[in-house]
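All letters in the sequence shown, in the order written, are residues 1357 to 1901 by the working numbering. Report on one structure; see the data block that follows.
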Amino acid sequence: MICNSLLPQFTNPAYMPSQLLFSPHPSPIHSLIFSSPCFFRNNHNKTQQGKLLLHATTLSFSVRNSSESTLSIANATDRICPNGVSIDRPIKEEPHSMDFDRRNTRLQVHNFVDRIRALPTSERIQIIHVFERERAFQNLSVFNDVLLALFIADEPDLALKLYCDISSYGMVPDSWTFSIIIKCHCKKNDPSEAKRVLEHMVEIGFQPSVVTFTILINSFCRRGKLQKAVEILEFMGRIGCKGNVQTYNCLLKGLCYVGRVEDAYEFLMKIKKSSVKPDLYSYTAVMDGFCKVGRSDEAMELLVEALEMGMTPNVVTFNTLFNGYCKEGRPLEGIHLLKNMKERNCMPDYISYSTLLNGLLKWGKIHSALRIYREMVEAGFKVEERMMNTMLRGLCRRSWKEEGLLKNAHEVFEKMINAGCAIYPNTYGLVIQTLCVAKEVDKALMYLNEMVGFGYFPPRMITFNSVIRALCSEGRVDEALSILVLMCEGRRIPSRICYNLLIDEFNQQGRWLSACTVYGAALKRGVIPHKRPGKSSSRKNAIVG
């Protein structure tokens, strides 16, 4: 059982939960120049944008002994990619305590990674051959620098290829080398191979850090292999390595991922009673598990408990609850939560609004959805096309019973047009139907022409029926007949309803010859209308197919 005897004592780390898997590691090659925030403390996360003009400056690896030879990386990459490439890359500011030579080396490594990434994929491997030919690495520290840089640059395959050639440089991997290789295998979603590297690392006398263990545990948990993750945790205890809250957060997420929410909750309570106190991310992980299985009320209880412990919930925590409430068909409770969220000075993000808006639309809460939509736009967020179309259709349907919503539907429709938002054909057709129901026939005809102009042709049969019915109700039977002709030109076979409407209106106006013409056209197309040319029938009779 995970919860038993797997909670060693440790001190609470000073790193943000966002750095769950990549806490700082006491290694001489750590530097803020590697722009991933996961390796560094929060107070060093200042960035500045700098443009690196590749091939404009000669970059080389510096070594502490000036008598040692160096390899010009500019020359090496120029042999593969002769044309200069300019790319924008965020560069981390260096801490003041770092010596100049070391800082310069790290900047060169970072620039070197950018140069490799600028190469075509098929040619990147050649840079490794250049290193081997030029005997570029004069010490293991520089080798590890490049290995880590390739990992951060999302080139794990290239890093592993370089590692395979380490013996050709006359070097033996150290603890940090193995740790980077383990991370590379995990990034490739191959935790089994990473586990073999870790076991070999321990066999030859190296002690993996808690960060390395945590990365491997997380990799197994993400693949749903929870038993393997527990084995790694037990192995940690056997070699005297104590897990931290990030380690346990990975297991909490893993338990929830495989649906073992009760075990996750029990594990959380065990952590709470130990010397290792859970953090906000511990609670958020279990809350997310509860929400995904339809137990949002229990997730809310955990939020209350976290607040009582003095934790400050963030937007991710609230988004978890929004998602849970909307899945359970309770989006209105999400609106109350949104208000509570703002009262705690936690500003909603795009995910907050879009999750809530989608839930309100899904469960037919169109009035509340319209309020959230306006609030979302005022906050500067752009609503995606799918939800805009869904909301517009909802407003149109509701406006058939609530006339006041027609104005709102028209407002949303115009905003979509002005913003260049794609309006789906079925949405366009529903807008036209709504205008016909509201007796705004001229506007419906205008939108029908626009719809055809946008290439949404032919519209659905129900759209044509609505326009013809609206025109006939106003006695504009000739225009209605032109719509029938438009249908035929679009290879759309008019329905019996269309013919019934036209024949009845011609009869009402005493134009029996025209009624006969329409009736004959219907028979020619294999449609037998219920209405026949002749004496006028009462308008009170419903015209149905």
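C-beta atoms are modelled at their ideal positions from N, C-alpha and C, and glycine is treated no differently. Keep in mind that this is a model prediction, so the values were computed, not measured.
Ordered along the chain, which non-local residues of its own chain (more than five positions away) have a Cβ less than 7 Å from that of residue i?
i: Ile1707; result: Asn1675
i: Val1553; result: Phe1534, Ile1537, Ile1538, His1541
i: Val1617; result: Gly1645, Phe1646, Val1649
i: Val1797; result: Ala1826, Leu1827, Glu1830
i: Phe1591; result: none
Rank the options by C-alpha distance to the C-alpha of residue i and give the top, closest one.
i: Asp1510; options: Asp1530, Ile1537, Val1528; result: Ile1537
i: Thr1873; options: Met1743, Leu1496, Arg1847, Leu1837; result: Leu1837
i: Asn1856; options: Leu1869, Lys1887, Gly1866, Val1833; result: Lys1887
i: Cys1854; options: Asp1470, Arg1867, Ala1826, Leu1869; result: Ala1826
i: Leu1858; options: Leu1496, Ile1824, Leu1842, Leu1869; result: Ile1824
i: Lys1695; options: Asp1798, Ile1728, Ile1722; result: Ile1728
i: Arg1578; options: Ile1595, Phe1591, Val1614; result: Val1614
i: Arg1471; options: Ala1505, Val1498, Asn1500, Leu1496; result: Ala1505
i: Phe1820; options: Gly1809, Arg1700, Asp1798, Pro1850; result: Pro1850
i: Pro1814; options: Lys1799, Val1833, Leu1840; result: Leu1840
i: Leu1659; options: Met1697, Leu1607, Leu1842; result: Met1697
i: Ile1595; options: Glu1731, Met1557, Glu1845, Lys1626; result: Met1557
i: Cys1520; options: Asp1860, Ile1481, Val1883; result: Ile1481
i: Glu1767; options: Arg1730, Ala1655, Arg1742, Glu1622; result: Arg1730
i: Tyr1709; options: Arg1700, His1723, Gly1690, Leu1514; result: Gly1690
i: Ala1775; options: Glu1741, Thr1783, Tyr1803; result: Glu1741
i: Gly1811; options: Ala1778, Lys1628, Lys1584; result: Ala1778
i: Met1665; options: Arg1700, Lys1628, Ala1655, Glu1699; result: Lys1628
i: Gly1846; options: Gly1809, Arg1852, Glu1661, Gly1866; result: Gly1809
i: Asn1545; options: Glu1555, Ile1522, Pro1512, Leu1518; result: Pro1512
i: Arg1700; options: Lys1626, Thr1673, Trp1868; result: Thr1673
i: Asn1782; options: Ile1818, Lys1795, Asn1805; result: Ile1818
Would you say residue i and residue j are within 7 Å of each other, going by their C-beta atoms?
i: Leu1624; j: Val1601; result: no
i: Leu1516; j: Ala1550; result: no
i: Arg1816; j: Gly1785; result: yes
i: Ser1905; j: Thr1790; result: An answer regarding residue 1905 cannot be provided, because it is not within the stretch 1357 to 1901 covered by the chain.
i: Val1632; j: Cys1597; result: no
i: Gly1645; j: Ala1620; result: yes
i: Asp1635; j: Val1671; result: no
i: Val1787; j: Phe1769; result: yes
i: Ser1630; j: Leu1608; result: no
i: Met1744; j: Met1772; result: yes
i: Leu1610; j: Leu1582; result: In the sequence as displayed, the identity of residue 1610 is Gly instead of Leu. Cβ atoms of Gly1610 and Leu1582: closer than 7 Å.
i: Asn1916; j: Thr1640; result: This structure leaves residue 1916 out entirely; the chain is present only between 1357 and 1901.
i: Glu1861; j: Val1883; result: no
i: Leu1688; j: Leu1677; result: no
i: Thr1570; j: Thr1603; result: yes
Using C-beta distances below 6 Å, list every residue in its chain close to residue i, excluding the 5 sequence neighbours before and after it, in chain order.
i: Asp1653; result: none
i: Pro1382; result: Any reading at Pro1382 needs caution, since the residue's pLDDT is 35, under 50, leaving its predicted position unreliable; the model's value is listed next. Excluding residues within five positions, none has a Cβ falling inside 6 Å.
i: Ala1878; result: Tyr1855, Pro1885
i: Lys1718; result: none
i: Val1419; result: Any answer about Val1419 is weak, because its pLDDT of 37 lies below 50 and its placement is not dependable; what the coordinates show is given next. Within the same chain, Val1419 has close Cβ partners Gln1494.
i: Ala1432; result: Residue placement at Ala1432 is poorly supported in this model, since its pLDDT is 41, which falls under 50; the coordinates are not used for a value here.
i: Ser1575; result: Cys1542, Pro1547
i: Met1802; result: none
i: Met1703; result: none
Is there at least one Cβ from chain D nearer than 7 Å to residue i's Cβ?
i: Val1498; result: Protein chain content of the structure displayed is limited to a single chain, and chain D is not contained in it.
Leaving out five residues before and five after residue i in sequence, what residues of the same chain have Cβ atoms less than 8 Å from its Cβ?
i: Phe1663; result: At residue 1663 the sequence reads Leu, which differs from the Phe that was named. For Leu1663, where only same-chain residues beyond five positions count, the Cβ hits under 8 Å are Pro1669.
i: Ala1725; result: Leu1713, Leu1716, Leu1717, Met1747, Gly1750
i: Glu1930; result: The structure shown does not extend to residue 1930, since the chain spans only 1357 to 1901, so no value can be given for it.
*Decide yes or no for the touch test of the stretch 1749-1767 against the stretch 1733-1740: beta carbon pairs closer than 8 Å, at least 3 of them.*
Here the stretch 1749-1767 does not lie against the stretch 1733-1740, with fewer than 3 beta-carbon pairs under 8 Å apart.
_At least 3 beta-carbon pairs within less than 8 Å: the stretch 1517-1528 vs the stretch 1555-1570_ = Judged by Cβ distances under 8 Å, the stretch 1517-1528 makes no contact with the stretch 1555-1570, as fewer than three pairs qualify.
*Is the stretch 1678-1689 touching the stretch 1649-1664, taking contact as three or more C-beta pairs under 8 Å?*
The stretch 1678-1689 and the stretch 1649-1664 touch, with no fewer than 3 CB-CB distances between them shorter than 8 Å.
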